[in-house]
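Peer 1: Before I ask anything, here is the structure I am working with.
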Amino acid sequence: TDLPSPQEHGLDFQRLLDASAYKEVFRQDMIRWGEEKRRADPGFFCRAAVEGALQPVWVSFGERPGLWGPRTGAEGAPAQVVSDTRRLSDVEWFRDTYGDVVQTVRVLASEETRKRRNWVFVTGVDDAESECGLDQGVAFDWVITNDGDEVALGEQLEMLVQALHRSL
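Below you can see the structure in the form of structure tokens.
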């Protein structure tokens, strides 16, 4: 997949990953570019997320690296975690490609919590499909609430991890 790097556009990749004002300056351009790519090829970013993965993709939480260990999914397929899908077409692509082994996880935070984390609604950005394309039309397998209660979050994540271990 021909995916240009942020550096090719003179952008600081690490700063694009945080919640800083830096990313906000470029967000609308990034959204516009992404929408053009998706219109031409709805699976473009989905394939990019898994392309070239010679081994499974592992997730670690905090100080627990390799939490899920080397496992495989149905029929020996590598277990992969793809974070931050944004649109129904993304979810559909993964379900069409990988079938019943796909598990969808929605992480929610109240608007109040998001504001405490310095989130400010921006018209044209926060109401775009890239931010709310999965608000309707998806029956998530898991819904995790992340409103700042670390104990509750940990319990939810532990239930998710245990269920995933059982399915692998």
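The numbers in UniProt numbering rise by one with no breaks, and the one at position 17 of the sequence shown is 17. Don't be surprised by glycine CBs; every beta carbon is placed ideally from N, CA and C. From a predicted model like this one, the values you see are computed outputs, not experimental measurements.
#1: Name the two residues that bound the continuous alpha helix (DSSP H) containing residue 107.
#2: Beta strand (DSSP E) containing residue 119: first to last residue?
#3: Could you check which residue in 166, 142 and 167 has the C-alpha nearest to that of residue 157?
#4: Count Cβ pairs between the stretch 38-54 and the stretch 86-99 that sit closer than 8 Å; are there 3 or more?
#5: With distances taken Cα to Cα, identify the nearest neighbour of residue 23 among 116, 110, 94 and 122.
#6: Which of the three DSSP states, helix, strand or coil, is assigned to residue 85?
#7: Do you know offhand how far residue 144's Cα is from residue 151's?
#8: Anyone know if the C-beta pair for residue 125 and residue 27 falls short of 8 Å?
#9: Buried or exposed: which applies to residue 93, given that a residue is buried once 16 or more other Cβ atoms fall within 10 Å of its Cβ?
#10: So for residue 151, helix, strand or coil by DSSP?
#11: Is the beta carbon of residue 49 less than 8 Å from the beta carbon of residue 91?
#12: My understanding is that residue 45 touches residue 104, with C-beta atoms under 8 Å, so please give their C-beta distance in whole angstroms.
#13: In whole angstroms, what is the alpha-carbon distance linking residue 147 and residue 166?
#14: Do you know whose CA, among 100, 19, 106 and 163, lies nearest residue 133's CA?
#15: Could you work out which residue in 12, 42, 154 and 33 is closest to residue 96 when comparing CA atoms only?
Peer 2: According to the data block:
#1: Per DSSP, residue 107 belongs to no alpha helix (DSSP H); it is in the beta strand (DSSP E), 105-108.
#2: From DSSP, residue 119 is part of no beta strand (DSSP E); its letter is neither H nor E.
#3: 142
#4: yes
#5: 122
#6: coil
#7: 12 Å
#8: yes
#9: buried
#10: helix
#11: no
#12: At roughly 16 Å, the Cβ-Cβ gap does not stay under 8 Å, so residue 45 and residue 104 are not in contact.
#13: 27 Å
#14: 106
#15: 42
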